[in-house]
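> Just passing along the structure, written as structure tokens.
There are 2 protein chains.
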Amino acid sequence: MPQAQNPEQLAEGRAAAQNQEPGAESLTPGPPLKVALLGFGTVGASVARILVERPELANRLRLTHVFNRGVSRKRADWVPDSVLWTDNFDDVLAGRPDVVVEVVGGVTPAREWVTQAIDRGMSVVTANKMLLAAHGPELLRAAAGAGVRLRFEAAVGGGVPLIHGVREGLAGDELTGVAGILNGTCNYILSRMSSTGEAMDIVLADAQRLGYAEADPTADVDGFDAAAKLVVLAGIAFHRHLQMADVPTRSIRPLSTADFQYATRLGCTIRQVSRVQATEGGFHGFVGPVLVPQGSSFGRNQGANNVVSVYGRFGGESSFSGAGAGGPATAVAVVSDLLALTQGGARREAEEWQPAAFVAPPPMPYYLRFVVKDKPGILASIAGSLARHSVNVDALLQEPGYPKDRLPFVVTVEPCEEAALLEALGVMNEERWHAEPPLALPMLADHDS
Amino acid sequence: MPQAQNPEQLAEGRAAAQNQEPGAESLTPGPPLKVALLGFGTVGASVARILVERPELANRLRLTHVFNRGVSRKRADWVPDSVLWTDNFDDVLAGRPDVVVEVVGGVTPAREWVTQAIDRGMSVVTANKMLLAAHGPELLRAAAGAGVRLRFEAAVGGGVPLIHGVREGLAGDELTGVAGILNGTCNYILSRMSSTGEAMDIVLADAQRLGYAEADPTADVDGFDAAAKLVVLAGIAFHRHLQMADVPTRSIRPLSTADFQYATRLGCTIRQVSRVQATEGGFHGFVGPVLVPQGSSFGRNQGANNVVSVYGRFGGESSFSGAGAGGPATAVAVVSDLLALTQGGARREAEEWQPAAFVAPPPMPYYLRFVVKDKPGILASIAGSLARHSVNVDALLQEPGYPKDRLPFVVTVEPCEEAALLEALGVMNEERWHAEPPLALPMLADHDS
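Those protein sequence lines, which keep their order, are chains A and B.
Position 312 of the first sequence, counting from 1, maps to 312 under this note's numbering, and the rest follow consecutively.
Numbers in this note's numbering are just positions in the second sequence, counted from 1, shifted up by 449.
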């Protein structure tokens with residue numbers, strides 16, 4: 001078999017589509033890739049499980065190392081004896097694996113380990129959205145510089161095979177936006193509140209008991225998990241890097257059962273939506289609870305499922321959905337990335353995420369929910385404040401059956417500038433008749449959700 | 450730039466994941482691929498339009514030929530002057546393009562042209578489901594033998610980027626089934642009948658006027674279009690080739706407004722579904738109208754949209770949806786395939802579809818609709834026939850308001866062998882009280898649709 005100093009360089013570019021000598025397909029495949037697994041939690045164990053239970057992959061992938069803190073309590077008897085278990089990362093590096101699979105999560109020390117692996121010429125497969133959101137551009141540059149690959153199908157919507165679809169299947173289009181339900185915990189909570197009318201604290205406690213939510217649910221309910229995924233998604237779709245801290249992020253915590261009742265009156269329900277759109281001036285977007293039509297793909301999405309819609313200038317909307325998390329689904333994405341590594345293509349995948357900034361969103365219609373200690377004049381005060389900020393009221397809804405001293409009612413407003421609305425709400429906030437701070441939720445149309 | 454006799458051979462395998470000399474990414478890209486377009490109808494013109502309107506692609510793709518019968522009436526002034534318009538395929542071959550895009554459709558003469566292009570070392574991108582369903586294995590072998598590529602993202606669900614998702618994004622899983630709404634015309638007809646209660650002939654005539662259905666709607670409504678797509682989908686998912694003639698295919702023509710009324714009573718609606726599932730004994734599946742729960746992803750799919758669900762042993766269900774057809778959406782898939790050709794990888798894509806056969810489906814519940822000239826004893830006769838074939842009745846539905854001499858009513862039956870049910874219906878068919886032949890539709894559960 002002929003050898004060259006830089007075989008990748010020879011073949012990439014357009015070689016494949018030009019006239020080839022017949023016989024390329026009879027090439028004997030090389031030995032299997034040596035795979036080191038960093039982290040043997042739910043996802044890591046599922047990756048190992050797939051490699052063991054799909055013996056037909058053995059000539060392409062071979063698990064050689066499992067690294068985990070306190071590794072002795074992790075050791076599983078169904079993993080082949082040939083695998084080295086260690087809690088010392090240097091053992092992994094010394095074993096010279098071809099690929100390091102990082103499913104530890106968190107930025108520190110994952111960043112250090114991934115960087116070291118890349119610097120030593122190892123490719124990396126990671127499910128780590130936080131690491132990519134914070135340091136994606138730097139890691140992509142490092143991988144390109146080292147001629148290795150950094151793959152992360154598992155980082156956004158574990159079981160939703162969207163990265164291949166977006167990066168390759170829609171390469172022919174010019175993408176204008178991505179939007180999705182990226183956090184399964186929030187969707188579980190909100191879709192259940194919507195269908196049962198239960199209060200958030202009850203549903204959240206259940207979600208924690210069932211393992212859908214963590215003991216500290218902050219990253220999920222306050223939107224940071226979804227914001228990290230949105231940053232990765234924007235990287236894939238636009239090759240731009242948004243700062244996670246710049247993503248306008250609102251929590252689902254203030255939502256009450258009354259909000260779902262009013263949303264239903266409006267033909268809608270409430271979902272945590274993550275969205276970023278490209279405009280000539282820059283990107284705009286957000287993560288947070290929004291009203292979506294009940295019949296829209298976001299409104300119909302139930303339980304912990306994820307769904308992502310991608311909008312293109314030529315092809316319109318394409319959607320992807322599936323299990324957003326969970327060991328086996330996420331592990332499938334990791335193993336798919338590993339299999340892609342057995343097939344060459346470092347140059348093809350070299351991508352850069354250029355810095356990008358957020359601009360103000362276009363005017364949107366909003367749902368405003370007030371909870372007041374009722375007395376005459378409140379509505380006039382609200383209407384006056386909105387009018388003075390050029391925000392036009394569309395409808396007023398007040399459901400019966402609530403106590404006068406904690407009366408929730410809703411005002412919907414026509415599309416308006418977010419800044420003007422926030423200013424109007426700021427003025428109103430100084431009134432003493434609020435029993436709770438007012439809540440403003442964007443209302444998405446059918447084609448946006 | 451170094452050259453080798455067979456650059457593809459050098460780079461494929463696992464080169465990319467092994468240590469590389471840095472600098473592969475700075476490789477100067479080759480000249481743009483020369484693209485010849487066979488067919489300048491809706492899709493072909495949209496492909497040319499994208500290439501013209503995305504000038505950033507000019508260093509990767511260059512349209513050199515447009516081939517069409519009666520080409521003089523096709524010539525478009527927005528296409529660059531450098532493009533050669535011809536109605537002689539030999540002109541295309543003589544021009545030695547790198548890729549031939551076949552968007553002519555039909556098996557003859559497309560098969561001959563595609564074969565000639567492959568034999569001359571040109572890669573082929575095609576949207577031609579009929580060609581692939583009939584001759585996929587032979588064309589894939591020819592492409593592998595010639596060291597060129599045959600890509601067909603546009604052949605199934607034009608705007609649904611599912612081939613990359615299935616072939617690469619889910620490579621880590623072991624797929625057990627695929628099911629989808631693959632024909633936009635049928636979905637337009639059935640979703641409209643479901644929501645408006647109109648009769649099929651009225652909706653079909655409207656669909657023809659609006660361009661959603663062809664003058665001869667046979668291929669769509671009788672299921673041949675979907676069957677061809679299902680064969681291609683099975684090729685992608687399982688690397689197996691089912692004969693199109695073996696796909697059990699039923700027409701949507703016998704459906705009446707009464708069927709939608711009864712479906713609604715059952716919490717369902719009716720969709721043309723295409724499905725194939727892998728079992729240890731072989732594959733089973735069908736194309737045809739089925740009852741699906743109103744809230745399922747198939748039941749909620751409206752208009753001409755396509756949706757495809759893929760089931761994996763480890764990752765569960767993943768879904769893809771988007772515009773199933775239309776020039777721009779299909780053209781995006783073609784251009785995405787073209788861009789993939791600029792990046793090497795013939796060996797990676799070499800795939801074979803081995804022959805495969807259908808086996809009998811597992812027991813399913815069925816919806817049976819009778820239209821009778823009412824008289825005493827009919828129900829007893831039906832119940833008796835079913836019982837003698839070990840088919841258990843689940844429910845009986847009869848809506849008021851129909852004439853006695855053309856009375857539609859419905860019997861649902863518990864999961865049963867299709868063969869036993871058909872035998873029972875065959876016996877019943879000899880009775881003289883039928884005003885129309887009985888109709889049997891499988892009933893899919895929520896997780897199957």
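Backbone N, C-alpha and C fix where the C-beta goes; we use that ideal spot for every residue, glycine too.
Being a predicted model, the structure only gives us computed values, none of them experimental.
1. Select from the region 533–553 of chain B all residues with a C-beta closer than 7 Å to any C-beta belonging to chain A, and list them in chain order.
2. Got a sec: is the Cβ-Cβ distance from residue 37(A) to anything in chain B below 7 Å?
3. Spatial neighbours of residue 681(B) within its chain, please: C-beta separation below 8 Å, excluding the five flanking residues on both sides.
4. For the region 743–763 of chain B, which residues have a beta carbon sitting closer than 7 Å to at least one beta carbon of chain A?
5. 7 Å is my cut-off, CB to CB: does residue 801(B) come that close to chain A?
6. Under 7 Å between the Cβ atoms of residue 368(A) and residue 262(A)?
7. Taking Cβ positions only, does residue 329(A) come closer than 7 Å to chain B?
8. May I ask you to report which of helix, strand or coil DSSP gives residue 815(B)?
9. Where are the beta strand (DSSP E) runs, 3 residues long or more, that stay fully inside the region 258–299 of chain A, in chain order?
10. Assuming contact is defined by CB atoms lying nearer than 7 Å, are residue 287(A) and residue 296(A) in contact in what I supplied?
11. For residue 417(A), which residues from the same chain have a beta carbon less than 7 Å from its beta carbon, with the 5 sequence-adjacent residues on both sides left out?
12. If I'm right that residue 614(B) touches residue 164(A) with Cβ under 8 Å, what's the distance once you round it to whole angstroms?
13. Taking CB distances under 7 Å as the criterion, tell me whether residue 164(A) reaches chain B.
14. Starting from residue 173(A), find everything on chain B with Cβ-Cβ shorter than 7 Å and list it in chain order.
15. Which residues in chain B sit within 8 Å of residue 336(A), going by Cβ to Cβ distance?
16. According to DSSP, which residues form a beta bridge with residue 316(A)?
17. When the Cα of residue 89(A) is compared with those of 107(A), 36(A), 74(A), 138(A), which residue comes out closest?
18. Looking at the C-beta of residue 644(B), does it have a partner C-beta in chain A at a distance below 7 Å?
19. Label residue 690(B) either buried or exposed according to how many other C-beta atoms from any shown protein chain fall within 10 Å of its C-beta, with 16 as the threshold for buried.
20. DSSP puts residue 409(A) in a beta bridge; with which residues?
21. To which residues does DSSP link residue 807(B) through a beta bridge?
22. Note down the Cα distance separating residue 879(B) from residue 747(B), rounded to an integer number of angstroms.
23. Quick check on DSSP: helix, strand or coil for residue 122(A)?
24. The alpha helix (DSSP H) with residue 701(B) in it runs from where to where?
25. Quick check on residue 40(A): does DSSP put it in helix, strand or coil?
26. Could you have a look at residue 784(B) and say whether DSSP puts it in helix, strand or coil?
27. Using alpha carbons as the reference points, say which of 656(B), 624(B), 851(B), 644(B) lies closest to residue 633(B).
28. Who are the neighbours of residue 50(A) on chain B, taking C-beta pairs under 7 Å?
29. Determine, using beta carbons only, whether residue 496(B) and residue 789(B) come nearer to each other than 7 Å.
30. If distances are taken between C-alpha atoms only, which option among 840(B), 590(B), 483(B) comes closest to residue 507(B)?
31. Which bits of chain A does residue 609(B) rub up against, with CB to CB less than 7 Å?
32. Under 7 Å between beta-carbons, which chain B residues line up against residue 339(A)? List them in chain order, please.
33. Flag residue 191(A) as yes if its beta-carbon sits less than 7 Å from any beta-carbon of chain B, otherwise no.
34. Can you find at least 3 beta carbon pairs, one from the region 637–649 of chain B and one from the region 756–770 of chain B, that sit closer than 8 Å?
35. Could you check whether the Cβ of residue 898(B) sits closer than 7 Å to any Cβ belonging to chain A?
36. Looking at the C-beta of residue 604(B), does it have a partner C-beta in chain A at a distance below 7 Å?
According to the structure data:
1. 547, 548
2. no
3. 578, 581, 582, 585, 601, 604, 605
4. 749, 761, 763
5. no
6. no
7. yes
8. strand
9. 268–278, 283–293
10. no
11. 363
12. 6 Å
13. yes
14. 781
15. 617, 618, 619, 620, 621, 622
16. 312(A)
17. 36(A)
18. no
19. buried
20. 370(A)
21. 732(B)
22. 35 Å
23. coil
24. Here residue 701(B) belongs to no alpha helix (DSSP H), and DSSP marks it neither H nor E.
25. coil
26. helix
27. 656(B)
28. 621, 763
29. no
30. 483(B)
31. 318
32. 620, 621
33. no
34. no
35. no
36. no
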